[in-house]
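S.K.:
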Amino acid sequence: MAIKEIEQNTDRLSDDIIRLEEEKAVLEKSIDAMFDAVKNLDTMWDGPANEAFRAQFQTDYQTCLEMNKTLGILIEKLRKAREEYDKCESEVENLVRAIRI
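Quick note, the sequence shown lines up with residues 53 to 153 if you use my numbering.
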């Protein structure tokens, strides 16, 4: 049987957005701390192993930045969805109140 409607709890959606924002902030701090740690480590040795490590770290670092950016985009889309749900609920409520019996 096909799904004909989807119920959305905007309070739950708001909670999810807050939780994702908190996790994004933690991720940003972790990325920054990792970058600083590797920067300090880089001064401790030279040679081919260091160069290979730096190259791999740079790839991983860029991946982390991209993931963080994607998480930010997701949060913005969820905010927009919540706003649309709230707007729709308000419009329906106003229509129902306008009905005269």
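The beta-carbon is built from N, C-alpha and C at its ideal position, and this holds for glycine as well. Treat the numbers as computed from the prediction; the structure is a model and nothing was measured.
To the nearest angstrom, how far is the alpha carbon of residue 141 from that of residue 126?
M.R.: Their backbone Cα atoms lie some 22 angstroms apart in a straight line.
S.K.: Measure the beta-carbon distance from residue 123 to residue 79 and round it to whole angstroms, keeping in mind my assumption that it falls under 8 angstroms.
M.R.: Their Cβ separation, rounded to whole angstroms, is 7 angstroms, which keeps residue 123 and residue 79 in contact under 8 angstroms.
S.K.: Looking at residue 130: is its Cβ nearer than 9 angstroms to the Cβ of residue 63?
M.R.: Against a cut-off of 9 angstroms, the Cβ pair of residue 63 and residue 130 comes out as no contact.
S.K.: So, for residue 117: in the same chain, excluding its five sequence neighbours on each side, which residues have a beta-carbon less than 8 angstroms away from its beta-carbon?
M.R.: For residue 117, where only same-chain residues beyond five positions count, the Cβ hits under 8 angstroms are 83.
S.K.: For residue 137 and residue 146, I'd like the C-alpha separation in whole angstroms.
M.R.: If you take the alpha carbons of residue 137 and residue 146, they lie about 14 angstroms apart.
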